[in-house]
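Scroll down for the structure; my scribbles are underneath it.
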Amino acid sequence: MTIEVRRAAERFVTREAGRTTYHSFSFGAHYDPRDVGFGTLVAHNDELLPPGTGYPDHPHRDVEIVTVVLDGALRHTDSSGRSGVLVPGEISRTSAGSGIVHAEVADGSAEARFVQTWLRPDEPGGPSSYAAAQVGRPVGLTEVVGPEGTVGVGTSGARLFVAAATAGRLLLPDGDLLHVFVADGAMTVGDRELEPGDAARLTDEGGRELVVERPGMLLVWSLAR
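Be aware that the sequence shown starts at 2, since it is given in my numbering, and climbs by one per residue.
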């Protein structure tokens with residue numbers, strides 16, 4: 002049973018074309034062989050896009066992409082003709098399958114902030130698909146991606162919980178592996194204090210309590226080993 006903390010200041014940072022991205026794992030030009038993922042979670046990117054900036058058309062293959070918008074608005078378009086704008090309280094899941102081309106751009110006049118996670122799919126080479134849903138800002142930890150969530154994902158054992166935590170204690174979900182990300186606010190897990198941008202990686206620690214020190218947004222992935 003372990004709790005490992007990755008501090009916000011320890012994340013890899015990419016600044017390009019106006020964008021700023023904070024990577025919790027190795028990504029692109031940033032490579033650390035000791036930090037290439039956590040279970041089936043292979044990317045966890047905290048993105049800041051000024052108005053009108055973002056990612057023009059680019060391809061993906063054999064990855065499950067989950068996006069949670071925290072601030073502003075994010076426009077999505079893809080090669081299947083799907084398009085839409087995500088705002089805070091909404092999430093999306095893109096199953097790249099055998100191949101998809103999509104674009105993501107900050108919509109409107111405000112900066113967009115979103116957290117995007119990538120997972121390894123159970124089966125490579127399948128059809129691509131996209132789903133988006135309104136999940137709101139639940140006070141308690143609520144499953145939004147997974148068997149009991151609003152959106153499914155093609156990775157067995159992967160479940161995403163979110164909470165706009167206000168005060169008190171929250172019971173973390175069960176799971177072999179838990180990735181706990183504090184988007185804002187402050188939380189304590191065990192004796193480890195977590196500030197904005199910090200993440201805790203818990204192994205065999207499911208069911209542990211988390212204490213809300215300052216209200217804020219919390220994203221928790223429960224993953225199979």
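We treat Cβ as the ideally placed atom computed from N, Cα and C, and that holds for glycine. On a predicted model such as this, the values are computed, not experimentally measured, just so you know.
For the pair of segments examined, the segment 5-21 was found not to touch the segment 75-92: the number of CB pairs separated by less than 8 Å stays below three. Under DSSP, Tyr-32 shares a beta bridge with no residue. Annotation: Ala-168 to Val-213 spans about 5 Å, alpha carbon to alpha carbon. Taking the Cβ atoms as the reference, Leu-224 lies roughly 22 Å from Gly-126, outside the contact range of under 8 Å. In this structure, the beta-carbon distance from Gly-147 to Ala-107 does not fall below 9 Å. Here Ser-25 is actually not in contact with Val-37; their C-beta atoms are around 11 Å apart, not less than 8 Å. The three-state reading of DSSP puts Glu-11 in helix, counting H, G and I together.
Rounded to whole angstroms, the separation of the alpha carbons of Ile-66 and Arg-114 is 16 Å.
A distance below 9 Å separates the beta carbons of Pro-122 and Val-64.
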